[in-house]
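Colleague:
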Amino acid sequence: MRKIWESAGAMRALAGGLLVLALAGIAATFHANGRWVAIQGPVTLQAIDADTLWLGVDEDLWIMDSLGHRNGVRTARELGFTAAVSNMAMAPGNQVLLASRFDRDWQLVDRRTFARVRTIRPQWPDDIAKLPLHAVHLAVSPEGDIAASTGGGHTVVLFDSEGRLLARTPPDTYRFTNGLWWSPQGWWTTDTNRFALRLLDARTLAVKVNVQLRRAPPDTPFLGEAIASQGGPQVGGTDLPLATVTRLGTLMEPGHVVDVFPDGSQAMFNLDTIPQLRDVAWFNKQLLLVDGHTFEVRRFDADRNEIEPFGDVQVRAAFRKLREDRAFWKGVASRQAFALSAVLLVLGLLAYARHRQLAGGPEVEEALNEPAIAWLRSPAEFERVKLESEVPREAVYLPGRRPRWLLVTNRRILLFAGAAKERRLQSEWPRRSVVFAGSPGQMAGHRPWWQQLLQPANLVLTFTTGTTLYLRCASGNTARRVAQLLMSSPALPDDFGNTVEIALAPRRPWQAVLASFLVPGSGQWLQGRFAIGTVLFTAALLLCIYGWAPVVWALHGPKMEVSRHAIAQAFVAWLLVPLVASSEAWRFGIGRR
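Heads up: the sequence shown runs through residues 2 to 594, numbered per my numbering.
#1: Where does Phe-301 fall in DSSP's three states?
#2: Please give the ranges of any beta strand (DSSP E) in the stretch 60-95, keeping only runs that are unbroken, at least 3 residues long and fully inside the region.
#3: Report the three-state DSSP secondary structure of Ile-40 (helix, strand or coil).
#4: With DSSP as the reference, identify every bridge partner of Glu-395, one or two as the case may be.
#5: Can the beta-carbon of Asn-295 be found closer than 8 Å to that of His-257?
#6: Can you name the start and end residues of the beta strand (DSSP E) that Met-253 belongs to?
#7: Leu-345 and Ala-567 - do their beta-carbons sit closer together than 8 Å?
#8: State the start and end residues of the unbroken alpha helix (DSSP H) segment that holds Pro-372.
#9: Looking only at its chain, what residues have a beta carbon closer than 6 Å to the beta carbon of Ile-503, apart from the 5 residues adjacent to it on each side?
#10: Are Arg-632 and Glu-429 closer than 8 Å when you measure CB to CB?
#11: DSSP three-state call for Pro-404: helix, strand or coil?
#12: Ends of the alpha helix (DSSP H) at Thr-479?
#13: With a CB to CB cut of under 6 Å and the five nearest residues on each side skipped, what residues in its chain are close to Leu-15?
#14: Under 6 Å Cβ to Cβ from Phe-518, same chain only, skipping five residues before and after it: list those, please.
#15: Check Trp-549 in the structure and name its three-state DSSP category.
#16: Pull the bridge partners of Thr-45 from the DSSP assignment, please.
#17: Considering just the uninterrupted stretch of the beta strand (DSSP E) at Ser-426, what are its terminal residues?
#18: Where Val-552 and Gln-570 are concerned, what is the direct C-alpha to C-alpha distance, given to the nearest angstrom?
#19: Do Asp-106 and Asn-95 have their beta-carbon atoms positioned less than 8 Å apart in this structure?
#20: Hey, how far is the Cα of Tyr-547 from the Cα of Ser-335?
#21: Looking at C-beta atoms only, is the number of pairs between the stretch 297-311 and the stretch 209-216 that lie closer than 8 Å three or more?
#22: Taking only the alpha-carbon atoms, compute the straight-line gap between Arg-355 and Gly-534 and give it to the nearest angstrom.
#23: When we look at the beta-carbon of Glu-325 and count the other beta-carbons within 10 Å, is it buried (16 or more) or exposed?
#24: Helix, strand or coil for His-356, going by three-state DSSP, please let me know.
#25: Tell me which same chain residues have a C-beta within less than 6 Å of the C-beta of Gly-232, skipping the five on either side of it?
#26: For Val-461 versus Ser-440, is the C-beta spacing smaller than 8 Å?
#27: Measuring CB to CB, does Glu-1 end up less than 8 Å from Leu-341?
#28: For a test of the three-state rule: what should DSSP assign to Ala-338, helix, strand or coil?
#29: Under a Cβ-count criterion, where at least 16 other Cβ atoms within 10 Å of its own Cβ denotes burial, should Pro-494 be classed as buried or exposed?
#30: Give the secondary structure of Gly-498 by DSSP, where H, G and I count as helix, E and B as strand, and everything else as coil.
#31: Helix, strand or coil: which one does DSSP assign to Gly-524?
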């Protein structure tokens, strides 16, 4: 182990191996994340008739009978969608209206043959059409009119059977709206965040009735799915429930299913909180609810007593297999796996930093610059072009796709190109024409940032002709020694007594500071410090993925209400990394002068 720690070559190999493992782990984590997210299991359901239930499972639609047997499957593409069916509503004429979260068109299909009757492209109002519309819920009247709740659009829109706009609710009628259904009195809808049911006029969408729900228990204060209830009265009561709705908590996932009575009181179906409550439907006087956590379709009778889950042995086995696959890929994509990849990345960067530290030693410099040293021992190319009394002072190896070789003599600077035994003189300059030699950080920066990243240099030469060379020497020590050698004898004045003045870099490295503030770590890369730049960039990436990105995702649409405290907390946490990165770049730039 000590030999590895003291060997620059071994540390470089170790750094490369760790970085490859880290990047492979991060890539595998993102791949696994996509796999487990794609496995959603049962999501949506709709009772078609007394003996038929349609159940959306991932991107397929399962056709179930009343005994829980699966009698057929239709894919989303067969139904005219590019993604899974997310919403189903019964329509007149033995038809069903289908929608998908990621398709703007709706499909009207025959409930017996699954043949597409027609495609409906709704004429959304301009302000609603700009939204993602991933949380649209649909209901259809006996006349074929279609009502659509828009989630974060905070409105309900009414279309005719062809998708032409008929009406919309006034502003501030809702603070988010999800479930809705048709009744002979009009459209019943949910005011999600205000915890109320609103009955709308069938044609104008004017509010006719408000039912304010009681908020107890307080941990599920939002309304989700809503359908007409077929449940019985409460114990000791005679009033029948008005609606069956889902009460949801944080991120609109955990919740309870309740029957809502006309006075706003409620009776629970599931006493336990379901971590992922997805959809509900009444089927043969029994309530079915989709449990997205256990991948079950739980079943309750009209008196809200739980009975055996819906589905035969084969269906339940298929659900278990999907859940096991999801758990496997979720484990691969867990934060622990991502953290392990991040640790490997940091260890790789530390190993690279140790390699750079060891590379500063004279013995390592000799190894890195060995091709140039070997060239000096038999300089056949130089012998062909040397001048009288010309003696080599320094030979520098410039690695790359096409290797180059810099030879500094007592009279000239020669640049050769080509592999060993094929070197040809490419350019030459008199020694006295050098007006600046040093690191890129000492030059006033006119070089584009992308060149600084893709073509990093550790030696800059500027001549009286105005030519500037950016060179990447194999050894940083060699680059510094060559710069000192050339600057020890400054350029001589030309025949007119003029010299070329080279502006040095400004004292404050604002370019690197600004770059690191915008993209943490990029300023350090511009300064030639790969390790610390990658650490800062990785920290910013992790903070973005697990801190700021979820808030932005929730706000986009919007998908849900996000408190100002949550927004401020995420913003301040994100701001810390750019501030640390930019201040570190500034301190490094000041300290190196």
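Beta carbons: idealized from backbone N, C-alpha and C, even for Gly.
Modeller: Well, looking at it:
#1: strand
#2: Those beta strand (DSSP E) runs which fall completely within the stretch 60-95 and span 3+ residues are 61-66, 71-76, 86-92.
#3: coil
#4: Val-409
#5: The question names Asn, yet the displayed sequence has Thr at residue 295. Not a contact, by the Cβ cut-off of 8 Å.
#6: Premise fails: Met-253 is in no beta strand (DSSP E) and is neither H nor E.
#7: Their beta carbons are not under 8 Å apart, which means Ala-567 does not touch Leu-345 by this criterion.
#8: 371-378
#9: Per-residue confidence for Ile-503 stands at a pLDDT of 47, beneath the threshold of 50, marking its modelled position as unreliable; the derived number appears in the next sentence. Correct list, in chain order: Val-436, Phe-437, Thr-463.
#10: Within the shown structure, residues of the chain are numbered from 2 to 594, placing residue 632 beyond reach of any answer.
#11: coil
#12: In this chain, the alpha helix (DSSP H) harbouring Thr-479 covers 477-488.
#13: Ala-352
#14: Pro-579, Ser-583
#15: helix
#16: Gly-57
#17: Reading off the sequence, residue 426 comes out as Leu, not Ser. From DSSP, the beta strand (DSSP E) with Leu-426 extends over 425-431.
#18: 10 Å
#19: no
#20: 12 Å
#21: Verdict: no, contact absent.
#22: 15 Å
#23: exposed
#24: Three-state DSSP puts His-356 in a helix.
#25: Pro-242, Asp-260, Ala-303
#26: Yes, the Cβ-Cβ distance between Val-461 and Ser-440 is below 8 Å.
#27: Any property of residue 1 remains undetermined from this structure, which presents the chain solely from 2 to 594.
#28: helix
#29: Any reading at Pro-494 must be qualified, since the residue scores a pLDDT of 45, below 50, and its modelled position is unreliable; the value itself is stated next. With fewer than 16 Cβ atoms within 10 Å of its Cβ, Pro-494 is classed as exposed.
#30: Interpretation of Gly-498 is limited by its pLDDT of 42, a score under 50 that renders its predicted location unreliable; no figure is taken from the coordinates.
#31: Gly-524 falls in the helix class under three-state DSSP.
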